[in-house]
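Per UniProt numbering, the sequence shown runs over residues 1 to 285. Since the structure comes first, as structure tokens, the remarks are kept for the end.
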Amino acid sequence: MWPGGTVRDVAGLWDVALPAEAVRVPGVSMAGFRSRTDRFVDMQVVPYPALTLFVDFGDGRVVDDAGSRWMDSGVVGLAPGGARGRGRSIDCLQVRISPLVAHAVFGAGAEFSGAMVSLEELWGREAVRTRERMWEAGSWQERFAVAREMLLRGQSEGPAVDPEVAHAWRQMVRQQGRVRVAGLAEETGWSRKRLWSRFRSQVGLTPKRAAQLVRFDHAAHRLAAGEQSASVAATSGYVDQSHLHREVRAFTGVTPNAVAQAQWLDVDDVAWGRGRAGARRLRVG
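Following this line, the structure appears as structure tokens:
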């Protein structure tokens, strides 16, 4: 399944395939993961400022925070809480989709925020056909191409976000979450109330919560890169270390030290170009 793609071995435990330039989509990142061990992996999904589409062709599953619902293909919304990825023989396509793109592709809105939704719930029979095409693909690049076709079709058929909403989101990302909502409203020419309402309906979070998520993401990757929490808090826009601690716990349910060791972030620098100077060995068991 690996011919034709860029493949990297992460500490002998994960192979990571990356898409060729020809199959990439603006606002979207894709990667393929295959475990190189038969030991059971159980890792918390760390919130990220994008929706994550996943399709597993092995025995990998994403389980909700209550442990009552699991799926091998679906979409994890923004700020997913305690969702976990589990499996012994994982062979998974992951697609990270900017909320600006997701609004058209999924019709994502407030009701989708933080949710874990199966592809069948979103697309019905079309999801089944897409999965079948991915199963039949002869390489990761073919799988990426199927995903690209699906995303581009959704973008062309779905509603675009308001330019004002897109501007507010891009400013949040550009400034790593350290923005004032009132200032964003002034830049767009909208009232704070209107921006709040339209942003939430199209992105799935309020502007304040979205900015917190973007800030948390940068802080989490700096923690994972080995920086001390006091330093991260001081340079990431938090009032103090306690403020960072509270926000990390609000998004993940764990401490900054636990986030720094999160298995979910171990391959970020390889798959998504984020986080670590070098991927650590994943802890499995």
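Think of the CB as a built atom: it goes at the ideal place given N, C-alpha and C, for glycine as much as any other residue.
- At the C-beta level, residue 212 and residue 183 stay beyond 8 Å of one another.
- Here the stretch 256-263 makes contact with the stretch 229-248; the two share three or more CB pairs at distances below 8 Å.
- Around the C-beta of residue 159, fewer than 16 other C-beta atoms lie within 10 Å, and the residue is accordingly described as exposed.
- Residue 28 and residue 96 have their C-alpha atoms some 6 Å from each other.
- Beyond the five residues adjoining it in sequence on each side, residue 150 comes within less than 6 Å, by CB distance, of 130 in the same chain, given in chain order.
- In this model, residue 242 and residue 137 are separated by some 49 Å (Cα to Cα).
- The three-state secondary structure of residue 25, taken from DSSP, is coil.
- In chain order, 29 place their CB closer than 6 Å to the CB of residue 272, counting only its own chain and leaving out the 5 sequence neighbours on each side.
- In this chain, the alpha helix (DSSP H) harbouring residue 106 covers 99-106.
- Residue 166 has no beta-bridge partner at all, per DSSP.
- One alpha carbon belongs to residue 36, the other to residue 163, and they sit about 44 Å apart.
- Nearest neighbour of residue 53 by Cα position, chosen from 104, 89, 116 and 16, turns out to be 116.
- Comparing C-alpha distances from residue 18 to each of 75, 122 and 147 shows the shortest one belongs to 147.
- Annotated three-state conformation of residue 74 is strand, per DSSP.
- Under DSSP, the beta-bridge partners assigned to residue 94 are 31 and 54.
- Across the set 192, 89, 75 and 74, the C-alpha of 89 shows the shortest separation from the C-alpha of residue 14.
- In the displayed model, residue 41 falls within a strand according to three-state DSSP.
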